[in-house]
Structures are given as structure tokens and as C-alpha cells.
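Enquirer: Handing you this structure, nothing more for now.
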Amino acid sequence: MADHMKLLYTIFLFTITECVLSLPLSAPLSDPRGPYFMSISGPSVVTAGVPTKFICSADCTPECVYTWRVSGKEVEGDVLTLAVSGRTESLELECTAVNPASNNSRSTSKTVEINNLVIVKPTTSSNPREGQAFVLACQGSGPTIATAWFKDGQPLATDTRVLLSKNNVTLAFSSLLPSDGGYFECEVANSTITVTSRGYLLSFGTIAVSILGPNTVEAGVEHNFTCQANCELPCSISWRFSHGFPEGSFSLRRTEIRWTPARPGMVQLFQCIAENSLAQRMAQATKNVTVLARPTTPAPHPTPSGSVMVRPALALISMVSLQLLFALPV
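Our numbering puts the first residue of the sequence shown at -8, with every later residue one more than the last.
Structure representation (C-alpha cells):
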């Protein structure tokens, strides 16, 4: 009996060993999974010229392969380090994760605002006028930084009337001509970074704006207000409500506001702005509107109890009838 049990035990061990040895050595630990839960970590606002790091991640088995797309260019890897030039106000980052085992992919994107500390600005608040002197400054430049100027995307040509300062920090026009109009930028660079400024549109003309509408309105009645702009150069029009949106029924469509105020006694401030951001020119109009209560219709005077109100025509007929009655002979 003991020999029989020993034989069965030996056969069992041999069978288990054979099963283990028959397993493939390269068997995967788990099935491919993902990519799931993609995200891009990094700031929402970057400073032009300052290197900034972004990380793309996803839940992947095995580990995903990542590709970035920025301004039409592709960069491999999960980490992206970039220093934007500042030529645009925002940048779109797109990351794609691919599972190498299943070839499944997923993409996500992030919009980043660009804070540009280099800007071209006039040195005075006066608007440019033909025949007058005018000076532009490259703010953010300095004596140890190389500065170059561009007009309409091309290197600026100077002459005896258009002069640059010693360090190219300022650009001076001795007497403006119509041909001087254009979009001016400056580019600053040191040994590691290059930043293109926010530009300035040198243009001639004025911007004026006014608000058409009443200064006093009645509660419960619809009133119209119109922002009227007179722009000699292209301008955008917008409304601002620094003290909150108007109370009551309110609609806004481009330059027109329709408002039915609800509460008497309040004062509503309307602000309309006409602006050309490239030319750094703006005009603003304000209007304070007072809301009055609607006039009420006076109620009729009450009549004494038991009396009957008679219309004037009926009263006159009654008086004439009484006079005729008393005039008849007895």
C-alpha cells in the first residue's frame, strides 16, 4: 500500500513539473490597457522668452509613447520645454499618447496665454499726426541687450528723418509722413533667448464714441441705448458694466442695448468703448441713467352712500325737465 501511494505521488509531481515547464517564458503579465485619463500639467500663463516645462501623462499599460504638436512642429517625449517668442498672445499645445501594444491613441490639448514684457509704445500720449515729430520706444530692452526693429515684418530702414538711438531702444521720426504708417515691432536678444515684442500700429486718424439714449427712464418700460462710434481707423466696440449688469429685462446686441428697468430709484452706469488694440488707441463714453417710478393714474373720488352719480348730459336734461314742470300752470 505504501509503495502504491509513493508511486501516485511521484506521478503527481512529474505532471505538475511538466505543466510548469510548458508555460511560455514570454507570457505577458496583463493585457494592453489605455490610454485613459490624459492630462497636460503646466502653467496656463507663460512669460515670453522664459523656458517653461509641460508634462503629458496618461494611464497606460504598457507605458504610452507621447508626441507633442506645437505651432505645426512635432516633439517626441512626455516632457516639453519651450520658450515662446512672444509674437502671439496665446499658444495651443496638443499631446497624443499611443499604446505601443494595442496602437490605441488619445489626444488632449491646452491653451496657454503668453505674457510679453517687451512692447513697442509711444513715448507720449499724443496721437501721431502728419508733419509732427513722433517717438517709439522698445520697452523691455536695455543697453546690454541686442535690439532690432521691424516694420510690417521686414527689417526697418532708417534715414536722416527716421533715426534710432545709440542702443536701438528708441525710434524717432523728425516729421511724420503718410508712408510712415505701419506695424512696428522690436526684437530683443541675449545669449540664450530672443523675444519679439507686442507691436504698435502707427496710423493716422481719431476715434470718438458716444452713447445715445435717455438720462432718465421709467421702471417697467423698455428703453433703447446705442453706442455710436466715429472711427477714422478700424475699431472694435464693446460695452462694460463695472457696477454690474442692469437689473430687470436686459438684452445686448452689438452696439444696441434694450433695457426694461425693474426697480425705481436706482442709477445704472453704461460704458461704451471703441478701441484699436494694435494702435493702442481707445475712446470711452459713459452715461448715468436714473430710474423713476411710473406715474400712477389718480383714483376717482368716492360718492356718498345711497347717492347716484349722474353724467353731466343727464344732469342737464334733468334740470331742464324740472324747470318745465314748474313752469306749467296749475
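For glycine and all other residues, C-beta sits at the position ideal for the given N, C-alpha and C.
Predicted model, so just to flag it, every value in this text is computed and none were measured.
By alpha-carbon positions, which one of ALA199, CYS226, SER201 and SER240 ends up nearest to VAL212?
Expert: The count along the sequence shown starts at 1 and reaches residue 212 at position 221. When only C-alpha atoms are compared, the closest one is SER240.
Enquirer: Is VAL160 closer than 8 Å to THR138 when the C-beta atoms are compared?
Expert: Indexing the sequence shown from 1 puts residue 138 at position 147. Indexing the sequence shown from 1 puts residue 160 at position 169. The answer is yes: Cβ separation under 8 Å.
Enquirer: Starting from GLU85, trace the beta strand (DSSP E) both ways and give me its first and last residue.
Expert: Working through the sequence shown from its first residue, we reach residue 85 at position 94. Its beta strand (DSSP E) spans residues 81 to 89.
Enquirer: Starting from MET29, follow the beta strand (DSSP E) in both directions and report where the run begins and ends.
Expert: In the sequence shown, residue 29 corresponds to position 38, counting from 1. 24 to 32 is the span of the beta strand (DSSP E), which, as asked, contains MET29.
Enquirer: Distance check for VAL37 and LEU12, CA to CA, integer angstroms please.
Expert: Counting from 1 along the sequence shown, the entry for residue 12 is found at position 21. Counting from 1 along the sequence shown, the entry for residue 37 is found at position 46. Any reading at LEU12 needs caution, since the residue's pLDDT is 43, under 50, leaving its predicted position unreliable; the model's value is listed next. Each residue's Cα considered, the two are about 58 Å apart.
Enquirer: DSSP has GLN219 in a bridge; who is on the other side?
Expert: Within the sequence shown, the letter at position 228 stands for residue 219. DSSP, once it has assigned bridges, lists SER201 as partnering GLN219.
Enquirer: In chain order, what residues of the same chain have a beta carbon less than 6 Å from the beta carbon of CYS51, not counting five sequence neighbours either side?
Expert: The residue labelled residue 51 in the question sits at position 60 within the sequence shown. The answer, listed in chain order, is GLY25, PRO26 and ASN90.
Enquirer: Quick test of your reading: LEU127 and TYR174, contact by CB under 8 Å. State the CB separation rounded to the nearest angstrom.
Expert: The sequence position of residue 127 within the sequence shown is 136, counting from 1. The sequence position of residue 174 within the sequence shown is 183, counting from 1. 12 Å between Cβ atoms; not a contact.
Enquirer: Between ALA163, ASN95, VAL282 and ARG231, which lies nearest to THR151 when the distance is taken from Cα to Cα?
Expert: In the sequence shown, counting from the first residue as 1, residue 151 sits at position 160. Considering only alpha carbons, the answer is ALA163.
Enquirer: Pull up the distance between the alpha-carbon of CYS55 and that of SER229, whole angstroms please.
Expert: To locate residue 55, count along the sequence shown from 1; it is residue 64. To locate residue 229, count along the sequence shown from 1; it is residue 238. Cα to Cα, CYS55 sits roughly 47 Å from SER229.
Enquirer: Classify GLU121: buried if its beta carbon has 16 or more other beta carbons within 10 angstroms, exposed otherwise.
Expert: Counting from one through the sequence shown, the residue named residue 121 turns up at place 130. GLU121 should be labelled exposed.
Enquirer: With respect to the beta strand (DSSP E) encompassing VAL179, which residues constitute its N-terminal and C-terminal limits?
Expert: Counting from one through the sequence shown, the residue named residue 179 turns up at place 188. Its beta strand (DSSP E) spans residues 173 to 180.
Enquirer: Got a sec? Which residues, its chain only, sit under 6 Å from GLU178 by beta carbon, not counting five neighbours each side?
Expert: Translated into positions along the sequence shown, residue 178 becomes position 187. Closer than 6 Å at Cβ, skipping near neighbours: ALA139 and THR187.
Enquirer: Can you check which of these residues, ASN107, ALA88, VAL70 and CYS222, is closest to THR328 by C-alpha distance?
Expert: A question about residue 328 goes unanswered here, because the residues of the chain that appear run from -8 up to 321.
Enquirer: Return helix, strand or coil for SER116, following the three-state DSSP convention.
Expert: Along the sequence shown, one-based indexing puts residue 116 at 125. Looking at SER116 - three-state DSSP - the assignment turns out to be coil, as it is neither helix nor strand.
Enquirer: Express the C-alpha separation of ALA265 and THR207 in angstroms, rounding to a whole number.
Expert: Residue 207 sits at position 216 when you count from the first residue of the sequence shown. Residue 265 sits at position 274 when you count from the first residue of the sequence shown. Approximately 24 Å, taken between the alpha carbons.
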